[in-house]
Each structure stands twice: as structure tokens, then as C-alpha cells.
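One structure below.
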Amino acid sequence: MKYDLTKKVTKGAQRTLDAFTSTTLELLTEKPFHEITVNELCERSNYPRATFYNYFDDKFDLLSYIWLCLYNMIQLDDYGNLDSEERLYILFDRAFDLASANQNILKSILRHHSERDFLYHHFKMHLNAKIRDFFVMESCRYQYDIPYEIVVDHYCNTALLILEWYFFKQKGGTKVQALQYLKFLLGSIKTEA
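For the sequence shown, the working numbering begins at 10 and goes up steadily by one.
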């Protein structure tokens, strides 16, 4: 991303980022991601192409920014002394709430995107990277009998499987059920003390 998010974002920059984000989400409810063009994003957002390219390298960069925004909406600022598994449960709980609150948008987007297309895989890759961050601490590496990279992939895939079941496949159910399923499917893979 060309815009430096490590610095304080100005009101004007935030307005621009928000416009491109909301326009992208709006367009995703109308057509597949691969059919969306930068020209279309700029036209709908009422910004020139030069402004778009001041912020993003391309539409894929914008999509990564959107995933980052979604992730920031569901993460806690401070997980304190919680272990990686508990952090994942909190993250899952908040992701479930966000998906529940935006079911209509999700349904509209899913009309044009399946779990087999680019959008889903890009999201999964981004979420996997964020979950991996939970496990990079040295203390986490030694809690498992198997390589922690496998644990990370397992946790990510299981959380996504349940979210997919509830929201992409629209099977319904409660958040309490979803958390129970997650805990059951993850089981305990930590090393016994």
C-alpha cells in the first residue's frame, strides 16, 4: 500500500480510504471481483485515478486494505496474557458478530463469489497470516507436539470452516453453537504437562 498507515491518518485521507472501501464492497455485491476495474472504482467514488494510485498499487492492494480494516474491526487492542487458543476464540467470536451484523451484504457478495474463487482465497490467505501472528511468540512454539505451522493452518481452516458453514452456506445457528463446534473440532492439541 502506498499510503503509510503507520502514521496518523488525516481526516481527508480517511474519507478517501473509506470511499474506496465502501465503493469496492458495493461493487462486490454487483459483480465478481475480477470484473471490477480501477476506472469503475474511481468513477463511483468520485475520485480521479491519480488519487487511487496515491493510495494503492492496484485493486488487489485495495482488497488487502479492506481485509486489514475488517481484521482491525474484530481484533482486540490488547490480548494481555491470554494464550493463543483463547485469542482465537475471541477473534472468532468477534468475526461471527461482524458477519451476523452484515448478513445482507454477505449474501449479496456471495451471489457473485463462491468459496472456490479468488476473493475467498485472498481473504483466507490474509486471515491465515493474521492468525499466524498469534502463534509467533516463542512460548507458543513449545506448547504443541506437532510443528506450530500445522497448528496455525489447522486453527485457521477450522475457524473458516465454521464461519463458511454458518454464513457462506447459510446453515444458520447460534454463536454459542459455533463456538462449541470450534472448541470441539480444535480439541486439545497442546503438549501434556
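Yeah, the Cβ is synthetic: ideal placement off N, Cα and C, and Gly gets one too.
Go to residue i, then tell me how far its alpha helix (DSSP H) extends in each direction, as first and last residue.
{"i": "residue 29", "result": "20 to 37"}
What number of angstroms, rounded off, separates the C-alpha of residue i from the C-alpha of residue j?
{"i": "residue 31", "j": "residue 128", "result": "16 angstroms"}
{"i": "residue 180", "j": "residue 56", "result": "40 angstroms"}
{"i": "residue 138", "j": "residue 186", "result": "26 angstroms"}
{"i": "residue 70", "j": "residue 47", "result": "11 angstroms"}
{"i": "residue 94", "j": "residue 160", "result": "10 angstroms"}
{"i": "residue 141", "j": "residue 20", "result": "32 angstroms"}
{"i": "residue 116", "j": "residue 23", "result": "27 angstroms"}
{"i": "residue 124", "j": "residue 157", "result": "26 angstroms"}
{"i": "residue 196", "j": "residue 18", "result": "41 angstroms"}
{"i": "residue 14", "j": "residue 66", "result": "14 angstroms"}
Between residue i and chain C, is any beta-carbon pair separated by less than 8 angstroms?
{"i": "residue 186", "result": "In the structure shown, chain C cannot be found, because there is only a single protein chain."}
Are residue i and residue j closer than 8 angstroms when you measure CB to CB?
{"i": "residue 102", "j": "residue 192", "result": "no"}
{"i": "residue 42", "j": "residue 108", "result": "no"}
{"i": "residue 64", "j": "residue 12", "result": "yes"}
{"i": "residue 165", "j": "residue 136", "result": "yes"}
{"i": "residue 72", "j": "residue 131", "result": "yes"}
{"i": "residue 60", "j": "residue 114", "result": "no"}
Enumerate in chain order the residues of its own chain whose CB-to-CB distance from residue i is below 8 angstroms, with the five nearest sequence positions on each side excluded.
{"i": "residue 75", "result": "30, 33, 34"}
{"i": "residue 36", "result": "45, 49, 50, 53"}
{"i": "residue 194", "result": "167, 170, 171"}
{"i": "residue 40", "result": "121"}
{"i": "residue 104", "result": "83, 168, 172"}
Ordered along the chain, which non-local residues of its own chain (more than five positions away) have a Cβ less than 6 angstroms from that of residue i?
{"i": "residue 62", "result": "none"}
In chain order, what residues of the same chain lie with their CB nearer than 7 angstroms to the CB of residue i, ignoring the 5 residues before and after it?
{"i": "residue 9", "result": "The shown model of the chain, from 10 to 202, leaves out residue 9, and the question about it has no answer."}
{"i": "residue 85", "result": "99"}
{"i": "residue 133", "result": "169"}
{"i": "residue 27", "result": "none"}
{"i": "residue 25", "result": "56, 60, 64"}
{"i": "residue 182", "result": "175"}
Kindly examine the ligand MG and report whether one of its heavy atoms sits closer than 7 angstroms to the Cβ of residue i.
{"i": "residue 183", "result": "Among the components of this structure there are no ligands whatsoever, and the ligand MG is therefore not found."}
Checklist entry - For the stretch 50 to 104, which segments carrying the beta strand (DSSP E) assignment without a break, of at least 3 residues, lie completely within its bounds, in sequence order? => result The stretch 50 to 104 contains no whole beta strand (DSSP E) run of 3 or more residues.
Item to check | In chain order, each alpha helix (DSSP H) run of at least 4 residues that lies wholly inside the stretch 102 to 186 | outcome: You should have 112 to 119, 127 to 143, 147 to 150, 157 to 172.
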